[in-house]
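Notes to accompany the following structure.
Numbering (the UniProt record's numbering), first residue to last: 1 to 129.
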């Protein structure tokens, strides 16, 4: 692979800090913190859409759950993890600050990256606290 078959499908982005894809629908998803948006488009560069354009003050990471058909992102400023449908519908804050699961209490302070294991339904994130 000498790079002769590469092509630029998108230019003019500001500061992309998260990138993932959905192979089933052949779409790229990205988080551009410079523009304050989460967007998507097809692999060929067509059908570009803005999914989120507000409340991304400290967004830092993004992942696509290709089985559950969701997009997750983390926000270090608000100390929160968010989720939405692949098309941007039903955006909600999934977790923030303190939460309890049974006898365990967890604190989300400054999440930075997020990943999903759709086989087991697990969500992982890093925290810079």
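Note that the Cβ used here is the ideal one computed from N, Cα and C, for glycine as well.
- The criterion of a C-beta distance shorter than 7 Å is not satisfied by residue 98 and residue 60.
- Going by beta carbons, residue 74 and residue 9 fall outside the 7 Å limit.
- DSSP lists 107 as the bridge partner or partners of residue 98.
- In this structure, residue 38 sits away from residue 28, with a CB-CB distance that is not shorter than 7 Å.
- Under the three-state reduction of DSSP, residue 38 is assigned to strand.
- Residue 123 is not a Cβ neighbour of residue 88, given a cutoff of 7 Å.
- Note that the C-beta distance between residue 80 and residue 93 is below 7 Å.
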